[in-house]
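Residue numbering for the sequence shown follows the numbering used here, starting at -7 and increasing by one per position. Glycine included, every Cβ here is placed at the ideal spot set by N, Cα and C. Quick caveat, the model's predicted, so the values are computed rather than measured.
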Amino acid sequence: MGHPAILTVDDDASVSRAIARDLRRRYGEAYRIIRAASAAEALEALKEIKLRGGRVAVILADYRMPQMNGIEFLEQAMDLFPNARRALLTAYADTDAAIQAINVVDVDHYLLKPWDPPEEKLYPVIDALLDAWQATGDREVADIRVVGHRWSEPSYQIRDFLARNLVPYKWLAADDPEGRRLLDAAGVGPESIPLVVTADGRAMAQPTNSEVAEAAGLSTAPERDFYDLIIVGGGPAGLGAAVYGASEGLKTLLVERQAVGGQAGQSSRIENYLGFPDGISGAQLTDRARRQAGKFSAEVLNTREVVGLRADGSARTLHFADGGEISAHAIVLATGVAYRPLVADGVAALTGSGVYYGSAATEGPACAGSDVYIIGGANSAGQAALFFARYARSVTLLVRGDSLEASMSYYLIQQLNKIENVHVRSRCEVVGAQGNGHLQAITICDSKSNTVTSVECGYLFVFIGAEPRTDWLGGAVARDEKGFVYTGPDLLANGTRPAGWDRDRDPFYLECSVPGIFAAGDVRANSVKRVASAVGEGAMAVTLVHRYLEAQ
């Protein structure tokens, strides 16, 4: 049982033999290749591996099988080996159905049958799945343990921070026996939660994100004082700039305040991103991009908040909240946007205790059997509805407009229409939230019926537009009235360059009102708010950085 397993299940004997043969040819020396003729047989094999303390790296399941199809099988397989990478085997005729079914369970890929030649159509997919599995590890019990209360906002913040940074952890309620044991061992009481216990047994009561990041092995200090390029913000635009900057030889640093991936990293599934026809979760996309940036030696700085920016001759200097500074030849601002807070009675007091901003994927399993409400009508709200529909008894989208058509992509609307426990209420707003220690009810104003009603609600997720995170810039660069950063042509007023501009050229397309400072992605005024365009702008910003540096 020393080698990890690659398990394949297909009720077609000839297909089962063929894929096992091809897998053994390429991976047989490092992995045990196990094949099963039915989902039931495969589950028994997984249970036996589990009992013997074995590991499973990849599971391949045929989409069409009698008694239990591939999706149903993978759902049960995930309970046994949640870190194994998963792929569906499907015939060309079932491709659309398989892609739609992938929304039900977090599948990494699908493979078309036949996959001849395997060197082109099979092995590259398996290689990527194995790389992802090896990068994330396969430990059942996380090294970090978090003890807290279910409805405690600080406890939620720590869990959310770890989850969004892809750090494995084990959650323990303070009133569970093991949770109480850890509190006793640390010499603290329930008033000291959240308690974080590291792999080496160090206990931290009510730690900051920076302390947790250091304990988890995330980098929190730069390796040098000066860089060619510093990127502020780790969303798609920032990650795109980091990959392209580092791959082209620039000494590159990415600074992230909270979690790499930004809002896109919280998405349960992105289905319209080029090259991923079966969709990809925000966490998966973030993980791949972060590993890709690391491959080219881009440095990522975690939990460091930037609070100021100034030009020092040819250098551009950033100020950190802790008083530190760091400089570079060029800066890319990719700070994205934050969800706009919901202004309604009782909401602020219950944030983190039933009221959440963004999809808060850590809360998915806890929603089982509950009625979930989501405020918003754009793509992020639709993706959240698809995700929570897997767990909740019902999911209700509350939309201020007349319908979803004006703000949500067509493919998402079609998917939501097919899910029985998802409902849409238009021309509705939440005007209040009630609860004793945690959310228990919300008050909804329905402008169609001119009624105000209160409904039981344990979970409320808010997606009501976004605001740029640019207050820290002050007057360093020009911004519009909402705080979005002006760049390129938007800086020219009747052909006149911005005040203080000291170059004999117009600003480059993504360049700010100060030469050598660029903006990319959602933070930029008049940008297209999509993952693909943000990644593209990040790459484009690096090209313009090169042009700027060449002219220095």
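Per DSSP, the continuous beta strand (DSSP E) segment holding P460 begins and ends at 458 to 460.
In this chain, the beta strand (DSSP E) harbouring L103 covers 101 to 105.
Of the candidates G368, V189, D100, the residue whose Cα lies closest to the Cα of V139 is V189.
Our two residues, A290 and Y349, have alpha carbons roughly 30 Å apart in a direct line.
In the three-state DSSP reduction, M70 falls in the helix class (H, G or I). In the three-state reduction of the DSSP assignment, G140 falls in the strand class, which pools E and B. In the DSSP annotation of this structure, the continuous segment of the beta strand (DSSP E) that includes M196 starts and ends at 195 to 197.
Here the alpha carbon of S505 sits roughly 36 Å from the alpha carbon of S273.
By the Cβ criterion, the region 25 to 42 is in contact with the region -2 to 12, since at least three pairs of Cβ atoms, one from each stretch, lie closer than 8 Å. Between the C-alpha atoms of R296 and R516 there is a straight-line separation of about 22 Å. For the 8 Å CB-CB criterion, T435 and G424 form a contact.
V99 and L390 have their C-alpha atoms spaced approximately 29 Å apart. Remark: three or more beta-carbon pairs, one from each stretch, lie closer than 8 Å, so the region 223 to 239 and the region 275 to 287 are flagged as touching.
At the C-beta level, L35 and V48 stay beyond 8 Å of one another. The three-state secondary structure of G530, taken from DSSP, is helix. Judged by their CB atoms, Y540 and F455 are not nearer to each other than the 8 Å cut-off. If you check the CB distance, L164 and I136 do not come in under 8 Å. Ranked by Cα distance from Q250, the options F510, H311, R151, R308 are led by R151. By alpha-carbon distance to E459, the top candidate from R173, F476, V416 is F476. A check of alpha carbon separations from F500 across T535, A76, K521 identifies T535 as the nearest.
Taking a C-beta distance under 8 Å as the contact criterion, G346 and Y451 qualify as a contact pair.
C-alpha of E542 to C-alpha of V180: approximately 58 Å in a straight line. Secondary structure in the region 453 to 523: no alpha helix (DSSP H) run of 4 residues or longer lies completely within the stretch.
Note that the C-beta distance between I411 and A384 is not below 8 Å.
Residue environment: Y84 is assigned as exposed (fewer than 16 neighbouring CB atoms within 10 Å of its CB, all protein chains considered). In this structure the region 251 to 258 does not touch the region 167 to 182; the number of beta carbon pairs closer than 8 Å is below three. Assignment of K42 by DSSP, reduced to helix, strand and coil, places it in the helix class.
Under the 8 Å Cβ criterion, the region 478 to 490 counts as touching the region 511 to 529, having at least three qualifying pairs.
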